[in-house]
Amino acid sequence: MNWRPRLADGTAPVLIVLVVLLVTLAFVGPTFSEPAGYLALLKRAAPLVILAVGQYFVIVSGGFDLSVGSLVTAAVVIAARLSDGADANTGWVIALLLGFGLLVGLVNGLITTRLLVPSFIVTLGMLLVLDGAVFLWTDGAPRGALAPSFRVFGRGGFGQVPWSVLILLGVVVAAAWFMRSGTGRTLVALGDNENAVRLAGGAVHRLRVLAFVLSGLLAALAAILLAGFAGVSAQVGQGLEFRAITAVVLGGVVLGGGRGSVVAAAAGALSLEALFTLLNLIGVSGALESAVQGVILIAAVAAAAHGKQLRRTHEQEVVRPGRGGAARADGVHQ
Amino acid sequence: MNDVLVRLEGVTKSFLGVPVLRGIDLELRAGEVHALVGENGAGKSTLLKVLAGAHRPDAGRILVGDREVSFAAPRDAQAAGIAIIHQEFNLLPHRTVAENVYLGREPVRRGQVDRRAMTAGTQRLLEWMGEDGIEPDAEVARLPVARRQVVEIVKALSADAKVLAMDEPTAALAGSEVDRLCDLVRRLRERGIAILYVSHRLREVFELSQRITVLKDGAFVSCSPTEDLSPGELVRQMVGRPLGTLYPARDSDPGEVRLALRGAGNGRLRDLSFDVRAGEIVGLAGLQGSGRSAVARAIWGVEPFTSGVVELDGEPTTITGPRSAVRNGIGYVTEDRQGDGLALRQSVRDNALLVRRAALRGAAARRDSDLGSLLESVAVVARGPDQEVRYLSGGNQQKVVLGKWLAVSPRILIVDEPTRGIDVGAKQTVYRLLRKLAADGLAILMIASELPELLGMSDRILVLHNGAIAGELPAGTSEEAVMGLATGHGLGEV
Chain A
6 MNWRPRLADG
16 TAPVLIVLVV
26 LLVTLAFVGP
36 TFSEPAGYLA
46 LLKRAAPLVI
56 LAVGQYFVIV
66 SGGFDLSVGS
76 LVTAAVVIAA
86 RLSDGADANT
96 GWVIALLLGF
106 GLLVGLVNGL
116 ITTRLLVPSF
126 IVTLGMLLVL
136 DGAVFLWTDG
146 APRGALAPSF
156 RVFGRGGFGQ
166 VPWSVLILLG
176 VVVAAAWFMR
186 SGTGRTLVAL
196 GDNENAVRLA
206 GGAVHRLRVL
216 AFVLSGLLAA
226 LAAILLAGFA
236 GVSAQVGQGL
246 EFRAITAVVL
256 GGVVLGGGRG
266 SVVAAAAGAL
276 SLEALFTLLN
286 LIGVSGALES
296 AVQGVILIAA
306 VAAAAHGKQL
316 RRTHEQEVVR
326 PGRGGAARAD
336 GVHQ
Chain B
14 MNDVLVRLEG
24 VTKSFLGVPV
34 LRGIDLELRA
44 GEVHALVGEN
54 GAGKSTLLKV
64 LAGAHRPDAG
74 RILVGDREVS
84 FAAPRDAQAA
94 GIAIIHQEFN
104 LLPHRTVAEN
114 VYLGREPVRR
124 GQVDRRAMTA
134 GTQRLLEWMG
144 EDGIEPDAEV
154 ARLPVARRQV
164 VEIVKALSAD
174 AKVLAMDEPT
184 AALAGSEVDR
194 LCDLVRRLRE
204 RGIAILYVSH
214 RLREVFELSQ
224 RITVLKDGAF
234 VSCSPTEDLS
244 PGELVRQMVG
254 RPLGTLYPAR
264 DSDPGEVRLA
274 LRGAGNGRLR
284 DLSFDVRAGE
294 IVGLAGLQGS
304 GRSAVARAIW
314 GVEPFTSGVV
324 ELDGEPTTIT
334 GPRSAVRNGI
344 GYVTEDRQGD
354 GLALRQSVRD
364 NALLVRRAAL
374 RGAAARRDSD
384 LGSLLESVAV
394 VARGPDQEVR
404 YLSGGNQQKV
414 VLGKWLAVSP
424 RILIVDEPTR
434 GIDVGAKQTV
444 YRLLRKLAAD
454 GLAILMIASE
464 LPELLGMSDR
474 ILVLHNGAIA
484 GELPAGTSEE
494 AVMGLATGHG
504 LGEV
């Protein structure tokens, strides 16, 4: 059998970027000469990767979710207050947080689909509402503390392997599997042409709501890992929505929907984290992170637009008459 | 003999080593309509782009008058007096007609845009073309599509175009608008404009043109005076083989009633009662605006009936929307293939399975083992199931649309303009496919503007007029009989 990796369109560039970064890290950082260094990177990257996977569902179906950063902050603050340092509370607090994420996603989705407000605006509003609510509730200084058993998900591990890495892998595998299912494929088609999906009998509203719910749920999951890892503060989620969007775009997912794979989005998040680690190691100030992120965001979208133009001028003309024409790296969408 | 304004000699163009144009000659003369025909992929679009300066030929010459030119950009072609009227218009919808006409070359008077001169200039051109009913100060968005096309032409002429290349100008137009456009083309010709007319609609080609150039697979086939060609001969040259009869023989043996309307109506439709039986193709004729597509949308539940009864297999059924229509076994091939039918950036596979995945549940939604035989049954030519549908020809895209409906094994299929904008060879495939589906027991309701097509395919024809059924005609009826009913004049001389 002639085995060839089945990669979705646009996945290759981000994988190359990721490999280059990881190899460079091995030369630059002393800790990256052994697996532990990479495991630590994965552990650090887990919340962002999970957020990027959630953001992917929304972006590929043609929307934006700007509320996830504030959702993470709110979830962490709520967790600290309710957990109150007692291990006995951990189980129900986690369930409640996931329910909270799901609810925020549901509200985002319902407002977008029922009131016909663009998702960019809905989730921007949600961002402000959650920010305000957290501030009102905490006066800027979160109270309470997280129980050790709660923090274990962000800090502890199964032997050598951190829990967060296992959760990360579980999320990515589940997301990749979902995107190969009929519902997943229909979600991408929805980002491409909503009319076609509606006239094919698709439940367009339900699919959109589903994307927001998944994003909210995964944001809550990311919050649980972050809380354990970074501790409680009212700034913990700040800017994460933009970082997640940057990661997804870096993964070659087209803004506006209809194109891109979830594995590439996750790889984009990992690349971003690896890049920040690298910059840190070579002594670039952390204050520059945001600027670097901005440049990447613009460059990635520009690269995608440029690639699209190239494809348009070449493929369209070539492929039409040529039935056995030039070989192209055919990809199966993941 | 009219002056030759533009001459292409031996134009050759390849993309990544694949030849798309192979030594094409073309002569455009003042006061002449020159038709350019060929199947999809024959190279017409690329030739237009060469003419427009969007592509540079690899070899060959372009002469404007006696002077050899080289267009580096579309701007150069415009400066040489060549304008292309595309299928999609490049107009700013919220500006006025005059503002669009003078876009980018506004006359200036004392440092200000001279609106009066713009209005007057536009008015003058409209009168010269013999087009009334367009106000230079009207907002473009308020004009119907057919009028916007006229604005495009005015825009080209105001920039001193002597050569107009029109790419499928009637593809988006309804019957009466087509006639109006044809009149305009004739007037422009009489006024000395050279027109290159690209169209799939052979009737227009024969009515309008003085000469016809045929391309096939990027090569020049022939250029002949229109009066020397018969439609049959032209089709043979385009397809490269005799087409035989375009429409397959009827062998229908209508079975039980699948779809029945009993006094159904809504805001646009009145008191519709008819049956569609398993195994037959029922044609739905009518002028634009008579409610043909409204019938489809009503059955489909998008703009549902508000009175009367719809019966499926004898059971009164309420269809609440596309989802319920699909689950009740009704398929709908819409008129707007790219806007409503396909997710263009997705693969052939994902489009073919779209309805199944979107509307069904459980194991039925997940089934994809039959994809190969499904694509084979609709004769899609693609490099594989992973190719994106936007790279397929119009005909193959339409076959994918048919395939996506066959994937859910409907009992009733509504097809609205199933061969719009696809080439003759693909049309024949679609006709054969529809006939075969009917023979296999599908009930088909077919809407088409082109009467020869409707007459050739239908077992019976229902004619709509003003939202009501004006009459029913048997297979083998005449175009005159259909038009008589459609225009509300009864059966005419019959």
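Top line first, the protein sequences correspond to chains A and B.
With the working numbering as the guide, the letters of the first sequence map in order to residues 6 to 339.
With the working numbering as the guide, the letters of the second sequence map in order to residues 14 to 507.
Where is the CB? At the ideal position from N, CA and C, for every residue including glycine.
By the Cβ neighbour-count rule, B/Leu105 is exposed, with fewer than 16 other Cβ atoms within 10 Å of its own. One finds Asn198, Asn200, Ala201, Arg203 and Leu204 in chain A with Cβ atoms closer than 9 Å to the Cβ of B/Asp353, taken in chain order. Residue contact check for B/Tyr345 against chain A: a CB pair falls below 8 Å. Residue-level contact by beta carbon holds for B/Gln359 and chain A, with a gap shorter than 8 Å. For B/Tyr260, there is no enclosing alpha helix (DSSP H), as DSSP gives it neither H nor E. Here B/Val322 really is in contact with B/Gly276; their C-beta atoms are around 7 Å apart, less than 8 Å. The straight-line gap separating the alpha-carbon atoms of B/Ala130 and B/His99 is approximately 27 Å. Listed as beta-bridge partners of B/Pro32 by DSSP are B/Ser27. Judged by DSSP secondary structure, B/Arg160 falls within the alpha helix (DSSP H) whose first and last residues are Val158 to Ser171. Spatial neighbours of B/Val394 in its own chain (CB-CB distance under 6 Å, excluding positions within 5 residues in sequence) are listed in chain order as Asn409. In the DSSP assignment, B/Pro120 falls outside any beta strand (DSSP E) and carries neither an H nor an E. Using a 10 angstroms sphere on the CB of B/Glu140, the tally of other CB atoms stays under 16, which defines it as exposed. Between A/Ala305 and A/Leu255, the C-beta spacing is below 8 Å. Look at A/Arg190: its C-beta is under 8 Å from a C-beta on chain B. Restricting attention to B/Ala356, B/Val114 and B/Leu34, the CA atom closest to the CA of B/Val63 is found in B/Leu34.
In this structure, A/Val253 places its C-beta atom within 8 Å of the C-beta atom of A/Tyr61. Annotated three-state conformation of B/Thr59 is helix, per DSSP. Taking the beta carbon of A/Arg264 as reference, the chain B residues within 9 Å of it are Arg358 and Gln359, listed in sequence order.
Membership of A/Val134 in the alpha helix (DSSP H) is indicated by the continuous run Ser124 to Thr143. By the beta-carbon neighbour count (other beta carbons within 10 angstroms, threshold 16), B/Trp313 is buried. B/Val339 reaches chain A at Ala205 and Gly206, counting residues in chain order whose Cβ is nearer than 8 Å.
Close partners of B/Pro335 in chain A (Cβ separation under 9 Å): Arg203, Leu204, Ala205, Gly206 and Gly207. Rounded to whole angstroms, B/Lys57 and B/Glu463 show a C-alpha spacing of 23 Å. Where A/Pro18 is concerned, the enclosing alpha helix (DSSP H) starts and stops at Thr16 to Val33.
Chain A places no beta carbon closer than 8 Å to that of B/Ala187, leaving this residue out of the contacts. B/Glu485 sits exposed, since fewer than 16 C-beta atoms from the chains shown fall within 10 Å of its C-beta. With a cutoff of 8 Å on beta-carbon distance, B/Asn341 and B/Lys417 are scored as not near each other.
At a cut-off of 8 Å between beta carbons, B/Ala232 makes no contact with chain A. Taken atom to atom, the span from the alpha-carbon of B/Asn113 to that of B/Glu181 is near 22 Å. Between the region 280–299 of chain A and the region 23–41 of chain A, the count of C-beta pairs closer than 8 Å reaches three or more; the two stretches touch.
Taking a C-beta distance under 8 Å as the contact criterion, B/Arg271 and B/Val289 qualify as a contact pair. Residues Gln301 of the same chain have their beta carbon placed closer than 6 Å to that of B/Ala187, with the five preceding and five following residues left out of the count. Taking the C-beta atoms as reference points, B/Val158 is found no nearer than 8 Å to B/Val110. The region 165–172 of chain A makes no contact with the region 262–269 of chain A: fewer than 3 CB pairs, one atom from each, lie closer than 8 Å. The beta carbon of A/Ser88 sits closer than 8 Å to those of Asn94, Thr95, Val98, Gly149, Ala150, Leu151, Ala152 and Phe155, all from its chain and outside the five residues before and after it, given in chain order. For B/Lys412, the enclosing alpha helix (DSSP H) begins and ends at Gly407 to Leu419.
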